[in-house]
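> Below is a structure I'd like to ask you about.
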Amino acid sequence: MPVVSAARYGKDNVRVYKVHRDEASGTHTVTEMTVCCLLEGEIEQSYTVADNSVVVATDSIKNTIYIKAKEHPVNPPELYASYLGQHFLDTYSHITVANVKLVVKRWTRMIIDGKEHPHSFYRDGDDTRNVEARITREGIEITSGIAGLLVLKSTGSAFHGFVRDEYTTLPETWDRILSTEVDATWKWNTFPNVATVEQKQAQYDKAWDDARNITMKTFAEESSPSVQNTMYKMAEQILEAAPETASVTYQLPNKHYFEIDLSWHKGIKNTGKDAEVYAPQSGPNGLIRVEVSRS
Ligand code: AZA
Numbered sequence: 685m686p687v688v689s690a691a692r693y694g695k696d697n698v699r700v701y702k703v704h705r706d707e708a709s710g711t712h713t714v715t716e717m718t719v720c721c722l723l724e725g726e727i728e729q730s731y732t733v734a735d736n737s738v739v740v741a742t743d744s745i746k747n748t749i750y751i752k753a754k755e756h757p758v759n760p761p762e763l764y765a766s767y768l769g770q771h772f773l774d775t776y777s778h779i780t781v782a783n784v785k786l787v788v789k790r791w792t793r794m795i796i797d798g799k800e801h802p803h804s805f806y807r808d809g810d811d812t813r814n815v816e817a818r819i820t821r822e823g824i825e826i827t828s829g830i831a832g833l834l835v836l837k838s839t840g841s842a843f844h845g846f847v848r849d850e851y852t853t854l855p856e857t858w859d860r861i862l863s864t865e866v867d868a869t870w871k872w873n874t875f876p877n878v879a880t881v882e883q884k885q886a887q888y889d890k891a892w893d894d895a896r897n898i899t900m901k902t903f904a905e906e907s908s909p910s911v912q913n914t915m916y917k918m919a920e921q922i923l924e925a926a927p928e929t930a931s932v933t934y935q936l937p938n939k940h941y942f943e944i945d946l947s948w949h950k951g952i953k954n955t956g957k958d959a960e961v962y963a964p965q966s967g968p969n970g971l972i973r974v975e976v977s978r979s
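Each residue of the sequence shown is one higher than the one before, counting from 685 in the numbering used here.
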């Protein structure tokens with residue numbers, strides 16, 4: 685007899701925009717995010733015997749996302765995710781887990797004639813601030829992160845000393861281009877309840893700022909011996925900057941830029957120290973991951 689061994693359902697790709705209007709100063713602050721909310725619990729019978737009496741319709745889940753965004757601040761996203769998930773546990777005894785994922789886009793305030801504009805913003809990067817929360821009656825697990833941060837350095841990166849065998853054609857290099865799209869996450873120690881997520885709310889924006897700055901500063905300033913070592917150094921610093929995190933992960937594609945030998949044309953020198961024109965590669969790319977935890 686087959687059994688449902690795992691199930692979750694809900695609404696994905698719910699796009700939400702919220703404006704906060706500060707009455708005193710007239711300054712607006714805007715947030716745009718995409719929400720996914722999937723529920724787990726005693727819902728097997730909806731799959732096995734078409735018993736929909738246990739189903740909170742995904743349309744109602746979408747409506748709840750809007751209502752909770754109206755009732756609560758949506759910043760920091762870690763807190764909004766917790767409020768939203770907790771609603772389903774408080775309302776339905778048969779729902780045991782709410783999985784909430786938020787992807788927040790950048791809307792950065794414009795500076796016009798040296799002054800912050802009260803209600804105009806621009807997209808200053810495609811990276812997103814992401815939160816994944818798993819809300820249960822036993823506790824709340826939250827992972828925060830950055831995704832889609834595209835970076836490149838034109839020198840200050842090497843890769844040598846790696847295994848050489850009969851499959852190896854890659855030359856060693858002491859000076860190469862390094863480019864990647866940063867996907868970094870930091871997992872917070874489990875919170876007992878929403879009240880604790882709320883009490884600690886100052887730490888989420890700081891951790892995100894620190895992680896973004898650490899990633900860029902290390903990338904720019906470090907003389908990188910490999911993607912592996914550079915990402916480890918970044919993770920180490922985030923663990924130090926955010927003491928209430930349990931682990932940090934990085935996933936970095938190594939986006940290759942190949943030298944082009946142009947010597948066939950009038951003997952032009954364009955390799956090694958003379959390389960100026962390169963061919964960016966769409967794929968294949970290296971893909972390097974790490975999770976660093978406290979020992
Ligand atoms: N790490 C790097 O930083 N660069 C590489 C690798 C690797 O594992 N493999 N090829 N190039």
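Don't be surprised by glycine CBs; every beta carbon is placed ideally from N, CA and C.
1. Using the C-alpha atoms, what's the distance from P757 back to S766?
2. Under a criterion of Cβ closer than 7 Å to any non-hydrogen atom of the ligand AZA, which residues qualify, in chain order?
3. Could you name the residues that DSSP lists as bridge partners for G967?
4. For Q729, collect the residues of the same chain with a Cβ closer than 7 Å to its Cβ; drop the 5 residues on either side in sequence, then sort them by chain order.
5. Between V878 and chain B, is any beta-carbon pair separated by less than 7 Å?
6. Under three-state DSSP, which class holds W791?
7. Taking its Cβ as the centre, do 16 or more other Cβ atoms sit within 10 Å of L651, making it buried, or is it exposed?
8. Please identify the residue among T812, R821 and L763 whose C-alpha is closest to the C-alpha of H778.
9. I need the boundaries of the beta strand (DSSP E) containing D867, first residue and last residue.
10. Tell me where the alpha helix (DSSP H) around N913 begins and ends.
11. Go ahead and label E928 buried or exposed: buried means 16 or more other beta carbons lie within 10 angstroms of its beta carbon, across all protein chains shown.
12. Quick one: residues in its chain with C-beta nearer than 7 Å to the C-beta of E975, no 5 flanking neighbours on either side, listed in chain order?
13. Determine the contact status of I826 and E762, defining contact as a CB-CB distance below 7 Å.
14. Smallest Cα separation from A782: which of M918, F772, I898 and I972?
15. Within 10 angstroms of the Cβ of N814, are there 16 or more other Cβ atoms? Answer buried if so, exposed if not.
16. Relative to the C-alpha of V835, which residue among K884, V847, D811 and K799 is closest?
17. Which of the three DSSP states, helix, strand or coil, is assigned to Y767?
18. Compute the distance between the beta-carbons of R790 and R807, then report whether it is under 7 Å.
19. Can you tell me which of the three DSSP states F805 falls into?
Well, looking at it:
1. Annotation: S766 to P757 spans about 11 Å, alpha carbon to alpha carbon.
2. Output, sorted by chain position: F843, F846, L854, S910, V911, Q912, N938, G970 and I972.
3. Per DSSP, G967 has no beta-bridge partner at all.
4. Taken in chain order, the residues that qualify are D735 and V738.
5. Considering every chain present, this structure includes no chain B. It has just one protein chain.
6. Here W791 sits in coil by DSSP.
7. Summary: the structure shown does not reach residue 651, with the chain confined to residues 685 through 979, and so no result is reported for it.
8. The candidate whose alpha carbon is nearest that of H778 is R821.
9. Where D867 is concerned, the enclosing beta strand (DSSP E) stretches over L862 to W872.
10. Element bounds for N913: V911 to A925.
11. Exposed is the call here.
12. Taken in chain order, the residues that qualify are S931 and T933.
13. Between I826 and E762, the CB-CB gap stays under 7 Å.
14. The shortest CA-to-CA distance from A782 to any of M918, F772, I898 and I972 is the one to F772.
15. Note on N814: 16 or more other CB atoms within 10 angstroms of its CB, so buried under the neighbour-count rule.
16. Selection K884, V847, D811 and K799 evaluated against V835 yields D811 as nearest (Cα-Cα).
17. Of the three classes helix, strand and coil, the one that applies to Y767 here is helix, per DSSP.
18. A contact, by the Cβ cut-off of 7 Å.
19. Correct three-state label for F805: strand.
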